[in-house]
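Taking it in order: structure first as structure tokens, then the write-up.
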Amino acid sequence: MDMPVPLSLYIHIPWCVQKCPYCDFNSHKVSKTLPEQQYIKQLLIDLQSDVVRFKVDRPLQSIFIGGGTPSLLSGSAISQLLEGIGKQLSFSDVVEITLEANPGTVDEQHFAAYYRAGVNRLSIGIQSFNADQLRRLGRIHSPDEAVRAVKTAQDSGFDNINIDLMFGLPQQTEEQALFDIEQGIALDTVHLSYYQLTLEPNTVFARHPPVLPDEELIDRRFELASQRLRSAGFARYEVSAWSRGQHRRAKHNLNYWQYGDYLGIGAGAHGKITCDEQQTAHLVRTTKPRSPKHYLSRDNRRKERFVQDDEKAFEFMLNALRLTQGFKRQWIVERGLVEMTDVMPTIKHLADKGLLRYSREHIVPTELGRHFVNDMVAAFLND
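Residue numbers for the sequence shown follow the numbering used here, beginning at 6 and rising by one.
Next up, the structure:
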């Protein structure tokens with residue numbers, strides 16, 4: 006490979022105050038006491054194991070502390086964690102360090118401590134500014150607490166903040182959906198993630214499905230929301246991601262979508278790393294034990310799986326085709342480890358159908374293609 010594949014680090018904190026009915030992430034209701042110190046220690050042992058196993062010596066471009074609810078951890082724990090990571094891996098000069106925070110679990114002292122610890126980006130899980138919707142979604146915060154969380158974070162020094170909002174919610178009216186967007190814009194953050202509610206397997210909503218708006222209504226509301234976000238200075242750069250300026254795009258998520266490498270530590274964390282085995286480059290996917298109790302035990306073993314040749318094109322496109330401005334053709338070879346001759350017939354076929362455009366340097370989904378991302382990705386299943 007001519008250029009080293011960019012490297013990120015994902016850290017999973019598996020505890021929440023309560024489990025939301027739509028959530029299929031690895032999250033567990035917190036007990037009376039959080040094993041904070043034990044978990045931080047295990048995270049650093051976990052990282053060291055990955056660094057040694059995969060001979061990692063590249064600087065980290067980004068760190069994302071997700072969950073669960075990472076804002077249940079103290080500022081001192083986050084400081085200890087980041088210091089421990091810095092002893093094992095170097096950080097790029099412009100490293101992005103994101104922490105997910107949920108309103109109702111944070112205050113001025115928390116945010117100030119996270120900022121001092123080195124966190125320079127927050128992702129705040131608001132989901133809605135409507136009290137009824139928050140209750141249906143199982144969220145523990147109120148609309149006022151959501152607004153207060155963002156303003157408190159800004160007052161604590163954070164100028165790089167994402168807020169998560171959802172649409173297509175049970176009994177959600179068009180007025181409610183657009184009110185959420187207006188409130189999100191009014192908070193003057195630089196990034197907004199706008200997700201459609203989906204009913205995921207093994208969730209409360211999957212077992213007891215709520216009535217959701219039909220697809221036509223959902224499409225209309227997304228288009229109205231998109232128009233309003235564009236008029237407020239946001240640009241869409243991925244299926245669900247909007248930013249005010251290219252420099253405010255989420256580096257960590259971009260690295261996923263651009264098929265960079267990432268280590269995953271913590272209970273249930275996943276990773277993808279490019280490594281050399283017998284002088285040949287391979288893609289390895291890693292998984293850590295899902296159960297926090299198992300993860301904290303001595304029998305904490307990483308599972309590894311090599312990405313097979315017939316999976317590589319599909320896996321690469323599953324990520325890269327989400328990008329509205331497309332990707333570099335050379336990444337298919339350098340990061341996906343796929344020969345261009347293997348995928349060009351499918352790329353040409355999709356271009357003939359008007360779903361993407363390609364040149365010698367780039368591949369870009371068209372406006373039509375962005376509506377049929379899953380169909381485009383599926384076309385690479387057998388490449």
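For every residue, glycine included, the Cβ atom is placed at its ideal position computed from N, Cα and C.
{"query": "Alpha carbon of ASP347 to alpha carbon of ARG334, nearest angstrom", "result": "13 Å"}
{"query": "Residue from GLU205, ALA117, THR157 with nearest C-alpha to THR194", "result": "THR157"}
{"query": "Whole runs of the beta strand (DSSP E) within the stretch 162 to 197, excluding any shorter than 3 residues", "result": "166 to 172"}
{"query": "DSSP state of LEU52 mapped onto helix, strand, coil", "result": "helix"}
{"query": "Cut-off 6 Å between Cβ atoms - residues of its own chain near PRO108, not counting five sequence neighbours on either side", "result": "HIS146, GLU150, ALA151, ALA154"}
{"query": "Enclosing beta strand (DSSP E) for GLN93 [first to last residue]", "result": "From DSSP, GLN93 is part of no beta strand (DSSP E); its letter is neither H nor E."}
{"query": "CB contact flag (GLY269, LYS293, <8 Å)", "result": "yes"}
{"query": "Cβ-Cβ separation, LEU104 to ILE83 (assumed contact under 8 Å), whole Å", "result": "7 Å"}
{"query": "As assigned by DSSP and simplified to three states, the class of PHE210", "result": "helix"}
{"query": "Check whether ILE68 and LEU48 have beta carbons under 8 Å apart", "result": "no"}
{"query": "Beta carbon of TYR267 nearer than 8 Å to that of SER13", "result": "yes"}
{"query": "Beta-bridge partners of LEU328, as assigned by DSSP", "result": "GLU243"}
{"query": "Start and end residues, alpha helix (DSSP H) containing VAL155", "result": "148 to 160"}
{"query": "8 Å Cβ cutoff, GLY130 in contact with chain B", "result": "Absent from the structure is chain B; it holds one protein chain and no more."}
{"query": "Euclidean distance between Cα positions of PRO350 and ASP315", "result": "15 Å"}
{"query": "ALA384 vs LEU355 beta-carbon contact at 8 Å", "result": "yes"}
{"query": "Distance between PHE96 and GLN177 (C-alpha atoms, nearest Å)", "result": "43 Å"}
{"query": "Contact check, ALA237 vs ILE190, beta carbons under 8 Å", "result": "yes"}
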